[in-house]
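Going by the working numbering, the first residue of the sequence shown is number 409, and it counts up by one from there.
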Amino acid sequence: MSSSDEPSQKPSATPLIEFGDVLALLAKHGVQFLTVGGVAVSLNGFVRSTVDVDILVEGSRENLRRMLHALGTFGQGYAKELTVEDFSFEEGSIRIAEAFDIDIFVQMREQRYEHMIGQALFVDYAGQRIPYLNARQLIELKKTSSREKDLLDVQALTNLLREKEQE
């Protein structure tokens, strides 16, 4: 990982206030996952509102079992209605609607967990290390999107990286 991918200081856990408990629960249960989407964008320094948390999980049966067990203890436990067979290596997510939505991806834009974890960044929250995509990874994922918020994220993250390079 190049130094320009790393935050210039320790990331603030503030973006995790609403979503941190579920991410810490996954980490505590040994689930291999990456925080992606708006929460990861915020952890990289462009804090914006988001109504859900997106995660990219390693797609092995054992990891999916750990994830479903952990999420089955969260909120109303709606994850108990899912099985490992509900997940596949296809584009798209499975959404669990708790107090907020949890969108679970096994693959995003042809990328899987194992392709991205090596460059992940981490933030400590509730005694757990929460992995999240770095700014360059987020830019790569979002730059081909047609959603306005994704294109705004790309511009903001690009600007943040430029600022870090000038420091």
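All residues carry an ideal CB built from backbone N, CA and C; glycine is no exception.
Can you tell which of Arg555, His477 and Tyr521 has its C-alpha closest to the C-alpha of Gln545?
Within the sequence shown, residue 545 is the residue found at index 137, counting from 1. The shortest C-alpha separation from Gln545 is found at Tyr521.
Report all residues from its chain with a CB closer than 6 Å to the CB of Phe427; omit the five preceding and five following residues, and keep chain order.
Within the sequence shown, the letter at position 19 stands for residue 427. Val447 and Val461.
Residues of its chain near Phe482, where Cβ-Cβ distance is below 7 Å and the 5 sequence neighbours each way are ignored
Position 74 of the sequence shown, counting from 1, holds the residue named residue 482. Val430, Leu433 and Glu506.
Roughly how many whole angstroms lie between the Cα atoms of Gln563 and Ser450?
On the sequence shown, position 155 is the one that residue 563 refers to. On the sequence shown, position 42 is the one that residue 450 refers to. Distance between the alpha carbons of Gln563 and Ser450 is about 13 Å.
Tell me the start and end of each unbroken beta strand (DSSP E) in the stretch 472 to 513 that is at least 3 residues and wholly inside, in chain order.
501 to 505 and 509 to 513
What do you reckon, are the CB atoms on Phe495 and Gly467 nearer than 8 Å?
Sequence index remark: in the sequence shown, residue 495 carries index 87 (1-based). Sequence index remark: in the sequence shown, residue 467 carries index 59 (1-based). Closer than 8 Å, so yes.
Please list the terminal residues of the continuous alpha helix (DSSP H) segment that includes Leu549.
Here residue 549 is taken as the residue at index 141 of the sequence shown, counted from 1. Element bounds for Leu549: Ala543 to Lys550.
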